[in-house]
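Residue numbers (the numbering used here), protein chains in the order written: chain A, 5 to 117; chain B, 177 to 288.
Backbone N, C-alpha and C fix where the C-beta goes; we use that ideal spot for every residue, glycine too.
What follows is a set of notes on a single structure, which appears directly below.
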């Protein structure tokens with residue numbers, strides 16, 4: 005799986021949009037971009053994933069650049085409960101076979117009141 | 177609640193001992209994954225099973241082994257425990273190997 009680069013930490017004011025960047029310049033054509041988050045010592049939680057097009061669900065939006073070398077996770081109205089470590093992961097699909105997700109160090113997002 | 181159940185939540189044991197961690201995947205999920213999270217190493221993928229068969233191996237030590245049973249629950253066996261094995265162990269499941277993972281709340285292992 006391709007390697008990702010994320011800032012180690014970010015702050016965001018409560019109620020504002022939190023924009024978390026991720027660089028994945030070596031991404032391959034069959035690799036998806038996944039975002040997970042981990043709140044304190046809980047199990048990681050799936051947020052969203054995408055291949056080429058922008059995606060939105062009830063939790064967040066994912067913007068992937070046209071060249072697919074970077075992406076941004078957007079939490080539209082951050083709350084204190086969004087304070088967590090956010091992981092950007094690229095993962096290949098290979099006809100149903102895939103290994104476990106490879107987590108990097110992620111971005112520690114701190115929502116300030 | 178992710179639907180993935182891990183037991184026990186906490187485990188305290190001594191060096192040299194052997195322990196078994198248990199995971200029940202979400203209903204209908206055929207794939208089970210095990211991860212180890214320590215303060216200095218982050219989340220490390222250990223091993224994956226799909227419908228009873230080992231599918232992929234990550235950074236799993238030879239002292240560790242796992243299996244997935246016919247009812248799809250999985251067990252992770254850790255033997256000859258060392259102080260450095262103290263960590264949070266997470267289990268995750270997915271419907272198929274290429275789908276999103278749902279994680280349990282983990283087992284905190286303390287080796288004294």
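query: Under 8 Å between C-beta atoms, does residue 185(B) make it to chain A?
result: no
message: Taking 6 Å as the limit between beta carbons, can you name the residues of its chain near residue 91(A), skipping five residues before and five after?
response: 40, 107, 110
query: Below 8 Å, can you find three or more Cβ-Cβ pairs linking the segment 50-57 of chain A to the segment 65-79 of chain A?
result: yes
- request: Confirm, please, whether the CB-CB distance from residue 47(A) to residue 282(B) is below 8 Å.
  value: yes
task: Anything in chain B within Cβ reach of residue 50(A), meaning under 8 Å, just list it in chain order.
output: Here the neighbours are 276, 277, 278.
query: From residue 44(A) to residue 229(B), what does the alpha carbon distance come to, in whole angstroms?
result: Each residue's Cα considered, the two are about 32 Å apart.
- prompt: Looking at C-beta atoms only, is the number of pairs between the segment 235-242 of chain B and the segment 270-286 of chain B that lie closer than 8 Å three or more?
  reply: Taking 8 Å as the limit for Cβ pairs, the verdict is that the segment 270-286 of chain B does not touch the segment 235-242 of chain B.
- request: Express the C-alpha separation of residue 221(B) and residue 194(B) in angstroms, rounding to a whole number.
  value: 20 Å
query: Who are the Cβ neighbours of residue 99(A) in its own chain at under 7 Å, not counting the five residues just before and after it?
result: Confidence at residue 99(A) is low in this model, with a pLDDT of 46, below 50, so its placement is unreliable and the value that follows should be read with caution. Here the set comprises nothing.
query: Using a Cβ-Cβ cut-off of 7 Å (strictly less than) and excluding sequence neighbours within five positions of residue 212(B), which residues of its own chain qualify?
result: 220, 222, 263, 265
message: Between residue 228(B) and chain A, is the shortest Cβ-Cβ distance under 8 Å, so that the two count as touching?
response: no
- prompt: In or out: residue 28(A) buried (at least 16 other Cβ within 10 Å) or exposed?
  reply: buried
message: Excluding the 5 residues flanking residue 87(A) on each side, which residues of the same chain have their C-beta closer than 8 Å to its C-beta?
response: 43, 113, 114, 115
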